[in-house]
Amino acid sequence: MISAGRARSRTYGHWNATKTRFALGWKLFCLSWGKKVEAGTTVVFLDESGFSLKTTVTRTWAVRGQTPLIRSRANWDKLSTIEAITTTGQFLQHTVKGAIKAAKVIAFLRHLLSHVEGNVVIVLDNAGIHKAKGVKDFVAEHARLSLVFMPPYAPELNPIERVWAYVKKHVLGNFCPRNMGELKAKLRSGCKRVRYVELPARLLDALLPLPS
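For the sequence shown, this note's numbering gives the first residue as 162, with consecutive numbering after it.
Structure, rendered in structure tokens:
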């Protein structure tokens, strides 16, 4: 049993070292984007996330000695959102019922191109829908559009993950939607809040050496 434990430890350590090398290489690669941005290219970070009627529980205030109780629906119906933040400070999003498939990704890319001029580099993860034939064909048809895939198993390197974290904590935290309509309305208000606090611009200013 001791030997097996050590074997797991070595494997975990090797994976951490490999992931660290990926992360360092990725961050160095990101630094080179500053020149692309100065030349007029817009870098876009894209990702999807799902939201269900089950409550996202966060810390809250309560009377000492009394644990607060939150009602939550045991329902697996969900909304999926595809969102993007750009180096020009834009925040774009589509929300749909159920899962996002390749056709929705293509529709969102078309929407994005209608709002962003010039060359566009989209940074995204290695999800199958991002590499579907239809998506590849769409990219091939638009010369000003290119995709850059992130290192595998490293979602934390995508700054849009912090947008998701913000929404889940500050917008959906302890919120108990009774139906999909309430959930969608809350998500809509959350997206407005993200724009109001200029979260995308703040995140990207910290990541990329953008021109003043």
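Glycine included, each C-beta is placed from N, C-alpha and C at the ideal position.
Three CB pairs or more closer than 8 Å across the region 263-270 and the region 294-312: Segment contact: the region 263-270 against the region 294-312, three or more CB-CB distances shorter than 8 Å; contact assigned.
Which of helix, strand or coil DSSP assigns to VAL277: In the three-state DSSP reduction, VAL277 falls in the coil class, being neither helix nor strand.
Neighbourhood of ILE243 by C-beta distance below 6 Å, restricted to the same chain and skipping five residues each side: Take ILE243, set aside five residues on each side of it, and the residues of its chain with a beta-carbon closer than 6 Å to its own are GLU209, HIS255, ILE261, PHE269, in chain order.
Residue-chain proximity (ILE267, chain D), Cβ-Cβ < 7 Å: Absent from the structure is chain D; it holds one protein chain and no more.
Under the three-state DSSP convention, the category ASP286 falls into: The answer is coil: DSSP assigns ASP286 none of H, G, I, E or B.
THR247 versus ILE290, GLU343, LEU285, residue with shortest Cα-Cα distance: Ranking ILE290, GLU343, LEU285 by Cα distance to THR247 puts LEU285 first.
Spatial neighbours of GLU322 in its chain, beta-carbon cut-off 8 Å, leaving aside the 5 residues before and after: So the list reads ASP208, PRO316, once near-sequence residues are dropped.
Nearest candidate by alpha-carbon position, reference GLY250, set GLU302, VAL205, LYS239: Nearest option by C-alpha distance: VAL205.
Rounded Cβ spacing between ASN287 and PHE252 (contact assumed at less than 8 Å): The Cβ separation is near 23 Å, so there is no contact.
Selected residue, minimal CA-CA separation from TYR441, among ALA263, GLY342, VAL257, LYS353: The structure shown does not extend to residue 441, since the chain is modelled only from 162 to 373, so the question has no answer here.
Residues near ALA263 by beta carbon distance below 7 Å, same chain, minus five either side: These residues qualify, in order along the chain: ILE290, ALA293, GLY295, VAL296.
Where GLY211 sits in the DSSP three-state scheme: Correct three-state label for GLY211: strand.
ALA245 (DSSP reduced to helix, strand or coil): DSSP places ALA245 within a strand segment (E or B) once states are collapsed to three.
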